[in-house]
Amino acid sequence: MFQPRTAVLTGSLAVVAALALSACGAAPDNASATTDGKSAATATSAADFGGMDALVKAAKKEGTLHAIALPRDWANYGALIDGFQKKYGIKIEVENPDSSSQDEINAVTSRKGQDRAPDVLDLGSSFALSAAQQGLLAPYQVAGYDDIPASQKDAKARWYNDYGGYVSIGCDAERVKNCPTTFADLLKPEYKGQVALNGNPTKSGSAFGGVYAAALANGGSFDDIQPGLDFFAKLKKNGNYTPVESTPATVEKGETPISIDWDYLNAGYADEFTSKGVDWKVAVPTDGQFSQYYSQAVNKDAPHPAAARLWQEYLYSAEGQNLWLAGYARPALMPAMEKAGTLDRTAAAKLPQVTGAPAFPTEAQQSRAKEVLAQGWAKAVSG
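Just so we're aligned: the sequence shown equals residues -26 to -1, 1 to 357 in mature numbering (1 follows the signal peptide of the UniProt record, and there is no 0).
Structure follows, in structure tokens:
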């Protein structure tokens, strides 16, 4: 069901469509305006564009949405893509579904003004902050914007959390006699060559979260990710860390029998591989409990600005949020939906159990952590 979205991955199980790399040229703008001259490219809400009906009409006229880095088997994105297409008749073209957050930003900057630029972005939170700082994102408030917790959205509405979860430890119980449940366990000699991340933390939001969680488990804090680097250096030195980046394929083949990853992805593996004889166990480590969400954003220079904004409205509707929940991801509007009675309680009951309320590093803390990783990650796991 799920596949880690990192810089280097195997091909996805399915892609709605490949974006034609030859489609260059200026972005269309005639379909993205109302009869009274309101432009979707500058609309900061559906109301600002004349209401949802006007937004839907303009988006249908554009007819296409360009997306990037959305694997169908990541947090139930396949169902979200299919649901949007069926509801609005707008074709979603997904380029490079297995790209990293940094690859998304690179696509925006390198294709500015081109029809093949991505309309929308789904970024690890630290990368969303970076994109906003670079002036790449359009401010847009979805209908449920006010219900998104203040700590999970940009005050200027350039990005806001969409779904997330907790760093967890997944383990193939058929290949590993005693599955680890804490970061301390991972240092045991019995796990030699078995512990993997699902990407490079300087490029991948999920791997970044894994290092942050390791820091919290080893005396670090949101202000100090260095203990996380030290942990992986120690893991590398004692032979337990493997540089193979975990994917569904490496899990199934037994190449990465222990994977540090988001709980919704590891929970998805547990479902996906049961029929294939893989007994995949999932534990949220109590010594390094780190929660993080991915963030949704609109490219400021989106070639299909109305479709981009309509996609945001769909994702933050009860239908969209519950589809993420069905993929074991915790939607940003989950508390508000639970209060409103629109939450899929059956899906919510299947989530991996955690205690306490999630806390999140600030923009400054994440920026500093990225700097430390950029400077020290390669050295920590080299040799």
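Think of the CB as a built atom: it goes at the ideal place given N, C-alpha and C, for glycine as much as any other residue.
Starting from residue i, trace the beta strand (DSSP E) both ways and give me its first and last residue.
| i | result |
| --- | --- |
| residue 141 | 134 to 146 |
| residue 38 | 38 to 42 |
| residue 298 | Taken as a continuous stretch (DSSP letters only), residue 298 belongs to no beta strand (DSSP E), being part of the alpha helix (DSSP H) at 292 to 300. |
| residue 98 | 94 to 98 |
By DSSP, does residue i sit in helix, in strand, or in coil?
| i | result |
| --- | --- |
| residue 67 | strand |
| residue 268 | strand |
| residue 240 | helix |
| residue 114 | coil |
| residue 318 | coil |
| residue 256 | strand |
| residue 358 | No answer is possible for residue 358: the residues shown for the chain start at -26 and end at 357. |
Rounded to the nearest angstrom, what separates residue i and residue j at their Cα positions?
| i | j | result |
| --- | --- | --- |
| residue 160 | residue 54 | 35 Å |
| residue 279 | residue 340 | 29 Å |
| residue 145 | residue 231 | 6 Å |
| residue 142 | residue 28 | 43 Å |
| residue 317 | residue 220 | 32 Å |
| residue 39 | residue 158 | 45 Å |
| residue 224 | residue 210 | 19 Å |
| residue 16 | residue 222 | 40 Å |
| residue 170 | residue 345 | 22 Å |
| residue 228 | residue 76 | 28 Å |
| residue 312 | residue 353 | 45 Å |
| residue 196 | residue 185 | 11 Å |
| residue 292 | residue 178 | 28 Å |
| residue 322 | residue 235 | 20 Å |
How would you write the range of the alpha helix (DSSP H) that residue i sits in, first residue to last?
| i | result |
| --- | --- |
| residue 83 | 75 to 84 |
| residue 61 | 51 to 62 |
| residue 285 | 279 to 289 |
| residue 170 | Note, residue 170: premise wrong, no alpha helix (DSSP H); beta strand (DSSP E) at 169 to 171. |
Which residue from the options puts its Cα closest to that of residue i?
| i | options | result |
| --- | --- | --- |
| residue 355 | 238, 204, 90, 345 | 204 |
| residue 125 | 284, 99, 46 | 99 |
| residue 68 | 178, 86, 93, 61 | 93 |
| residue 42 | 72, 191, 130, 177 | 72 |
| residue 192 | 172, 293, 264, 222 | 264 |
| residue 274 | 307, 56, 107, 181 | 107 |
| residue 325 | 244, 162, 121 | 244 |
| residue 156 | 217, 310, 256, 314 | 256 |
| residue 95 | 89, 88, 112 | 112 |
Determine whether the beta carbon atoms of residue i and residue j lie at a separation below 8 Å.
| i | j | result |
| --- | --- | --- |
| residue 140 | residue 258 | yes |
| residue 242 | residue 302 | yes |
| residue 337 | residue 110 | no |
| residue 19 | residue 165 | no |
| residue 34 | residue 24 | no |
| residue 51 | residue 270 | no |
| residue 289 | residue 30 | no |
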